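A.B. asks:
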Amino acid sequence: MKIIQRLKKWLNKEHGALIIESAFVYPIMFFVLMFLLYMGNMYYLKAKINSVVSQEAITYAARFADPNQEQFDKTIPTSNQGDTQVTKELYRYLDVFNLSDYGTASDVQKNELVKEIEDTGFYAGMTPANITVETHKVHNYVVYQTYEVTVNYQLKFPIRFIFSKDVVLLNMTAHEETPVIDTSEFIRNVDMAVDYVERTETGQSILTTLDNTYARIEKFIDGEKKPDPSEAVAGGSGTYTVTDLDAAISDKCKEYYDKYGPNLTAEQKQSLYEELLDLYKKTAPQNRGDLLVPMNAEVIDGLQKSNYGKGDVYFVTYKWETGNETVESTRTMKTMPVGTVFDRLGSPYGKCVGQVNEDGSCAKVSQRSIPYYFEGDDATQQASYHRYVVKVEITKSNLIEQIEKKASSVSEKERMKAAVNKYYDNKIPVYGNNGNQDGLAYGEIASMFGEPGGGYQYDMPLDMNDLYNIGMIDVVKNY
429 MKIIQRLKKW LNKEHGALII ESAFVYPIMF FVLMFLLYMG NMYYLKAKIN
479 SVVSQEAITY AARFADPNQE QFDKTIPTSN QGDTQVTKEL YRYLDVFNLS
529 DYGTASDVQK NELVKEIEDT GFYAGMTPAN ITVETHKVHN YVVYQTYEVT
579 VNYQLKFPIR FIFSKDVVLL NMTAHEETPV IDTSEFIRNV DMAVDYVERT
629 ETGQSILTTL DNTYARIEKF IDGEKKPDPS EAVAGGSGTY TVTDLDAAIS
679 DKCKEYYDKY GPNLTAEQKQ SLYEELLDLY KKTAPQNRGD LLVPMNAEVI
729 DGLQKSNYGK GDVYFVTYKW ETGNETVEST RTMKTMPVGT VFDRLGSPYG
779 KCVGQVNEDG SCAKVSQRSI PYYFEGDDAT QQASYHRYVV KVEITKSNLI
829 EQIEKKASSV SEKERMKAAV NKYYDNKIPV YGNNGNQDGL AYGEIASMFG
879 EPGGGYQYDM PLDMNDLYNI GMIDVVKNY
């Protein structure tokens with residue numbers, strides 16, 4: 429009995445409780461620590477293998493752009509070093525559909541990558557296993573290329589679940605795709621060629637054509653709101669395209685210019701107006717673009733010939749009442765803060781734009797007093813209607829700053845700066861009695877060409893194309 433009593437007393441002491449607690453806690457702590465060590469090793473392996481694969485893709489992308497790079501990677505280059513027999517990959521963009529093995533790593537190169545991955549890890553039982561190089565090649569996307577490396581592997585987790593015979597295998601994938609960048613010599617040569625082109629008159633003409641082409645493509649991709657084709661004029665064939673109509677208008681004006689000269693009689697103006705209107709109506713509304721024809725014979729002033737770097741172009745001139753475009757009592761200089769939305773009914777090469785109200789409404793066609801033929805009075809339903817939004821507040825100081833930063837060439841910079849300075853020299857005496865003289869000429873549109881006017885317009889220092897190119901405005905999509 430004494431022995432049992434002593435045992436009970438001993439178990440009731442703290443030493444007995446500590447033994448029991450240790451029997452439960454220590455094994456759990458041991459397994460937790462081991463689990464953390466193995467998990468840490470697993471994440472280390474994953475990060476290390478991702479790094480190896482990433483470096484592999486970057487290295488082979490550099491070697492693919494410049495075959496001499498592999499030799500320079502392995503040795504310290506000297507002044508006379510370099511395999512002159514190795515040619516550059518000048519035709520590497522031709523394999524558009526990746527049909528050949530061109531640009532694919534060899535088995536030897538893949539095995540080198542596998543060997544490097546196998547040597548990774550802290551614990552012998554947890555090194556990567558079943559390593560396979562799924563992808564190790566260049567991809568051609570016509571205008572650019574990438575080099576892709578993809579590796580599949582397994583990590584063994586040295587713990588078996590209850591009633592399981594096998595250890596846990598974790599399937600992993602490391603992937604990297606990096607661009608193939610041309611060598612610095614090639615980039616410098618291209619920059620030199622671009623600089624040379626920008627400094628020649630022919631080159632500037634080419635760049636202007638490319639800019640206009642890009643703008644049209646971008647506009648087509650973004651989508652532009654056009655009238656419903658079902659609203660086409662009855663009897664119109666709708667077979668002309670914008671290019672057809674542009675050429676047809678110029679050819680018709682040339683025909684009259686060659687026959688009668690730049691100054692036409694009233695009868696000749698009436699005949700020209702009717703023929704131009706017939707061409708316009710033969711073109712479906714969605715195909716007219718920004719092209720416009722006279723609203724009647726009375727608004728025609730004459731004909732003019734000009735050259736825009738693509739041959740002679742002939743067009744109609746109009747009887748603009750210069751200086752009387754706005755009601756005198758409403759004239760002021762008004763700023764256009766960032767976010768202001770405005771519109772234009774016509775091509776982006778004009779400078780007069782309309783006010784868009786807070787509710788999104790705008791002036792009707794008749795309120796704009798412009799001498800062109802339109803179908804209906806809703807400006808937003810015309811093919812040549814566009815909306816823009818201000819990105820940089822349009823002031824003289826901001827215009828000069830953006831021109832300095834964004835002009836495509838020295839000649840373009842000088843042209844635009846001269847236009848801005850001339851604008852403020854001319855507009856401030858007329859519009860500058862009120863408002864901010866660093867702003868824009870603003871006023872109510874006067875009655876002209878038999879139209880009532882009544883809308884409000886801004887007269888810009890530069891046309892929409894220039895303002896867009898120097899980052900002052902952006903195009904509002906779907907208009």
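Positions in the sequence shown are counted from 1; adding 428 to them yields my numbering. Built from N, CA and C at the ideal position, the CB exists for glycine as well. Predicted model, so just to flag it, every value in this text is computed and none were measured.
Check whether the region 752-760 and the region 805-822 are in contact - that is, three or more C-beta pairs closer than 8 Å.
C.D. replies: No: the two stretches stay apart, fewer than three of their Cβ pairs being nearer than 8 Å.
A.B. asks: Would you kindly check if the distance between the Cβ of N724 and the Cβ of Y701 is under 8 Å?
C.D. replies: Going by C-beta atoms, Y701 is nearer than 8 Å to N724.
A.B. asks: Is the Cβ-Cβ distance between D902 and Y816 less than 8 Å?
C.D. replies: Yes, the Cβ-Cβ distance between D902 and Y816 is below 8 Å.
A.B. asks: In chain order, what residues of the same chain have a beta carbon less than 6 Å from the beta carbon of I728, not counting five sequence neighbours either side?
C.D. replies: Result list for I728: K697, P722 and V744, in chain order.
A.B. asks: By alpha-carbon positions, which one of E484, Q582 and A493 ends up nearest to M470?
C.D. replies: M470 has its Cα closest to that of Q582, out of E484, Q582 and A493.
A.B. asks: What residue range is occupied by the uninterrupted beta strand (DSSP E) comprising Q573?
C.D. replies: Where Q573 is concerned, the enclosing beta strand (DSSP E) stretches over Q573 to F585.
A.B. asks: Name the residue from K474, R627 and T711 whose alpha carbon lies nearest to the alpha carbon of E803.
C.D. replies: Nearest option by C-alpha distance: T711.
A.B. asks: Excluding sequence positions up to five away, which residues of its chain have a Cβ less than 6 Å from the Cβ of C681?
C.D. replies: Here the set comprises L731, Y742 and F743.
A.B. asks: Is it right to say S797 is buried, meaning 16 or more other beta carbons lie within 10 angstroms of its own, or is it exposed?
C.D. replies: Per the 10 Å Cβ criterion, buried.
A.B. asks: Quick one: residues in its chain with C-beta nearer than 7 Å to the C-beta of E544, no 5 flanking neighbours on either side, listed in chain order?
C.D. replies: Same-chain partners within the cutoff: V480.
A.B. asks: Name the residue from I831, A835 and S825 whose alpha carbon lies nearest to the alpha carbon of R627.
C.D. replies: Out of I831, A835 and S825, A835 has the C-alpha closest to the C-alpha of R627.
A.B. asks: Touching or not, the region 566-578 and the region 592-599, by the rule of three or more beta carbon pairs under 8 Å?
C.D. replies: The answer is no - the region 592-599 does not touch the region 566-578, with fewer than three Cβ pairs under 8 Å.
A.B. asks: If you reduce the DSSP assignment to three classes, tell me which class I901 lands in.
C.D. replies: The answer is strand: DSSP assigns I901 an E or B state.
A.B. asks: With 16 other CB atoms within 10 Å as the buried threshold, where does A489 fall?
C.D. replies: Buried, by the Cβ-count rule.
A.B. asks: If you compare alpha carbons, which of G878, N897 and Q865 is closest to V820?
C.D. replies: It is N897 whose Cα lies nearest to the Cα of V820.
A.B. asks: Give me the Cβ distance between M888 and V781, rounded to the nearest whole Å; I'm assuming they're in contact under 8 Å.
C.D. replies: With a Cβ gap of about 6 Å, M888 and V781 count as contacting.
A.B. asks: Report yes if the CB atom of G871 is closer than 8 Å to the CB atom of T823, and no otherwise.
C.D. replies: No, they are not a contact pair.
A.B. asks: Pick out whichever of A533, F585, P556 and T555 has its Cα sitting closest to the Cα of E562.
C.D. replies: Ranking the options by Cα distance to E562, first place goes to A533.
A.B. asks: Going by other Cβ atoms of all chains shown within 10 Å of its Cβ, with 16 needed for buried, is A807 buried or exposed?
C.D. replies: Classification of A807: buried, given that the 10 Å Cβ count is 16 or more.
A.B. asks: Pull up the DSSP beta-bridge partners for T745, would you.
C.D. replies: Bridge partners of T745: G730.
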